[in-house]
Every structure is written in C-alpha cells, then in structure tokens.
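A short write-up of the structure that comes next.
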Amino acid sequence: MKKILIITLFFVTCNFVHAQWIQYNPGIASSFDKIYFINNQTGFAGSAFPTFHKTTNGGINWVQISGPLFDGYVLGLYFLDETTGFFATGLSRIARTTNGGYNWQYLESGAMEICNYTFINSNTGFAIGSAIYKTTNHGDNWMLITDSVYTLYDAMFVNQLTGYACGGYSNLIEKTTDGGNSWKRIATNLDSTGFARIFFVNANTGFLSGIKYNNQNRGALAKTSDAGLSWQRIGTDIVDYNYLSIHFSNANIGYFTSEQKIYKTTNGGTNFNVIYSRENGVLNDMKFFGADTAIVSGYYQNAFILKTTNGGNVFIEQTSTNIPKNFSLNQNYPNPFNPSTTISFQLPIAGFISLKVFDINGREVSQLVKENLNEGEYKINFNGAALPSGVYYYKLTVDNFSEVKKMVLVK
C-alpha cells in the first residue's frame, strides 16, 4: 500500500506554491555595494575602491571587469544598456563607461557630491547629490539645474515630466513636473534623519524608506497617495534600521530590505512580514525584473547573491560548492517538527530541480524549489504553520533521479 501511495501521489495537480530565495556564493572577497541589471541575465555590481563585476547568467556567476580605481565606495550605479553606464561615490565627479564597465571616464561636476543617477530615456537623465545636473545627450554633457538642495540619495520619474528625489538630514523631498528643468521642495511632517530610497508605482502612489526615525536606532517607511502632497508613516510596528532598498510590484505588493532582513507587504504597506532573515553579514541592494524575479546583493566574509523567481517567501541556501559523487535527498531535521524543519540535498551536476511536498493523500501542498541550480549541497527551510498535523512526503526530482522521504508534522 505504501508503494502505491508514493507512486500515485506525484500525479496530483498543484494547489498552491511557496516561493524561495536561493543564495549564490560567487567566491568574490569584495562587497557588492550596488547592483544594476539591464535585463534578467546581464547585470553589474560595484564594490569598494571602486571595483566592478559583471554577470551574464542572472547573478549566478560574476567576473571582474575593472578596478580598483581609487579610494571610495559605490553609492549609485546606473546602466542605460550593456555598454553605457554611470557610477557615483559621493565625490564631485560623474563617472561614465561606454564599453560595458571596462574603462571609465570622469567629469568634474562642480558639486560637492554626486550620489546617484536616474534617466527618463536613453538620452535624458539626472545626476543627483548636493546638486541636480541634467543631460540630454546620453551623458556627454551635463548642465546644472539647481544647487540649492541638501544631499540627495535617490530619484525616480513616474513619467516624462514628473519626478521625485529624496535625501538626508532634513526630510528632504524634491519634485519636478516639467521634466526636471525645475524642482520644488515638498515639506513633510516625517521625523527621519534621512530618506535612502523613493519608489512610485503610479502617478499618485509612492513610498519612501528612511535610514533612521526620530533619532532612534530604527528606520522609517512612508507612503503618499496624493502625488507627494502628504505622507504617512507605515510599518510602525517594525523595529529595525537602515532601510536600504525598496520596490513595489504594484500598489499592494512591495518589498524593502534592512541590513539583515527582507520584508514584504501584500496590502500596500498596512502590514509587513519578514520573508528572509540572517544573523550575520549585511544586505546591500535589491533589484527586481517584473513582478516576481529579484536579486539582492549582500556581504558576509565574501559577496553573496540572493535570488528569487517567484516572489521570495522561502529561502534556499547553497551550503557547499564541493561537488558530491551522487544525487542525495537527506532526512529532514528535526523530525517530527513543529512548525518548521530543514531539508537538505546534494547535486553532483547542475540541472533543473524540483522539490515538492505532498500530504498523505497524495495532494501537493507546497513546491519548495523549481529552479536551475548548480552542482553542490543545498538546504531549505520548510514551514508547515499553515498545515494540519500529519504525515507528509517530500520528493526531489532532477534529470533521471528522484527520491522521496517521509516527515511528520506534530502540533
């Protein structure tokens, strides 16, 4: 009877799917402070002194293409395409490459600081920091728009005319409605010592992530629903700090990172849940492609990359890059468990991996992994908080190999 059950349960259709984060360890000693992807395969990473790396397979492998260049840290990184890009270190210079990051040219802006870039299209863009500069010819020339601003860290345009910029030390938000030719400061009642990132999902709805709130060791999040005229704090129940990245797929689903956690909301910021957490290292930057695929750069002893292709509610970690001799699916631990347990497996070759969980009736209750993985050893946490007590089976499938093991959830 047991053999019949195991054979038949794999033909049952999926009822719901859990997403995952996969950690890749490219073996690079420097920290990926900023990342920028021009598509879901090709991306660039900027590190200290500035040093630059490139990936052409979605963040799994990286090669160094330039640097170290000089003393400093990459605060902003922006690429128009695979050849033309810009970086900023907080110094006065505007740095540009026209050969994919292999060489860089520098233009002294005259500003005290250049911290980041944003572009409306391939020709028209802005360099921001202690001033705002505009280019209309692909970055060949830059003209000063205004220098009557505090230091700006991030900017975003919602259309050809309307854009926003945020900065530090004064709850600073700047807005333009004429394509960046003039900027007006928006006053807020938010107590924060700095806004690190700004993100608008449409013309009216936008979000801010702050570095600290009211001089406390905690970050700040804010939301506007009226095109920046007023802002309200959100996520007030979260006690964390240094909210470094923010992204919203739509008005309801959004993500932000602190130094060691990734948060997600599904109701426009009313509530946030932790979908990834670590005890060491730091998360530096986050980039999305579409609604569900994201890459987060981090550092602990070496650079690492977190990647999800379906929203990122579960984390899978590559624990070793040593190549095992055989495929293997290990017994979960602890077992019995309540509510979470760890499942580990070994891959002697790279391939498309499927790891699913089924209940005793053969009904699929979770798909933990559906992803191409390199050879190595992996582990993933399975949380059964939403499931009743009982016997469950988990199955690993890759190429011509498959293996099933039993686990018991006891509440």
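Its first residue numbered 5, the sequence shown is counted upward by one per residue in our numbering. Glycine included, C-beta positions come from ideal geometry on N, C-alpha and C.
Measure the Cβ-Cβ separation of V300 and N254 and say whether it is below 8 Å. no
So, does the region 74 to 88 touch the region 103 to 120, judging by three or more C-beta pairs under 8 Å? yes
Top-ranked residue by Cα proximity to L372, from T312, E263, G294, N29: T312
Buried or exposed: where does F74 fall if 16 or more other Cβ atoms within 10 Å of its Cβ makes it buried? F74 is exposed by the Cβ-count criterion.
Use the C-beta contact count for P54: other C-beta atoms within 10 angstroms, 16 or more gives buried, fewer gives exposed. Buried.
So what's N193 in DSSP terms, helix, strand or just coil? coil
Uninterrupted beta strand (DSSP E) stretches inside the region 209 to 279 (no shorter than 3 residues): 210 to 214, 224 to 228, 236 to 238, 249 to 252, 258 to 261, 265 to 269
Assign I369 to buried or exposed, taking buried as 16 or more other Cβ atoms, counted over all protein chains shown, within 10 Å of its Cβ. Sequence check: residue 369 is Val here, not Ile. V369 is buried by the Cβ-count criterion.
Kindly indicate which three-state DSSP category T401 falls into: helix, strand or coil? strand
Taking the beta strand (DSSP E) that Y157 falls in, what are its first and last residues? 156 to 161
Using CA coordinates, which residue listed in W235, F252, G223 is at the minimum distance from D241? G223
Cβ atoms of Y280 and G316: under 8 Å apart, would you say? yes
G104 versus E112: straight-line alpha-carbon distance, rounded: 21 Å
Rank G388, L165, G133 by C-alpha distance to the C-alpha of Y154 and give the top, closest one. Checked all of G388, L165, G133; the closest Cα to Y154 is G133.
Hey, how far is the Cα of Y396 from the Cα of K409? 9 Å
Does the Cβ-Cβ distance between K383 and S358 come in under 8 Å? no
Which residue wins for smallest C-alpha separation from R97, given the options F293, E86, V78, S229? V78
By the 10 Å Cβ neighbour count, where 16 or more other Cβ atoms means buried, how is N185 classified, buried or exposed? With fewer than 16 other beta carbons inside 10 angstroms of its own, N185 counts as exposed.
Burial state of N175 (16 or more Cβ within 10 Å): buried
What's the gap between the Cα of V361 and the Cα of Y398? 4 Å
Residues bridged to Y337 [DSSP beta-bridge criterion]: Per DSSP, T346.
First through last residue of the beta strand (DSSP E) which encompasses V414: Here V414 belongs to no beta strand (DSSP E), and DSSP marks it neither H nor E.
Mapping DSSP to helix, strand and coil, what is R425? Missing from the structure shown is residue 425; the chain here goes from 5 to 415 and no further.
Look at T274 and I257 and say whether their C-beta atoms are less than 8 Å apart. no
Relative to the ligand ZN, is the shortest distance from any of its heavy atoms to the C-beta of G63 smaller than 7 Å? Inclusion of the ligand ZN in the displayed structure is not the case, the ligand content being empty and no account of it being possible.
Are the beta-carbon atoms of K38 and G50 separated by less than 8 Å? Going by C-beta atoms, K38 is nearer than 8 Å to G50.
If L225 and E263 are in contact, beta carbons under 8 Å, what's the gap, nearest whole angstrom? Contact doesn't hold; Cβ gap of about 15 Å is too wide.
Reduced DSSP secondary structure (H/G/I, E/B, other) of N206: coil
Residue environment, D403, which counts as buried when at least 16 other CB atoms sit within 10 Å: exposed
For G172 and Y157, which I take to be in contact (beta-carbon distance under 8 Å), what is that distance rounded to the nearest angstrom? 6 Å
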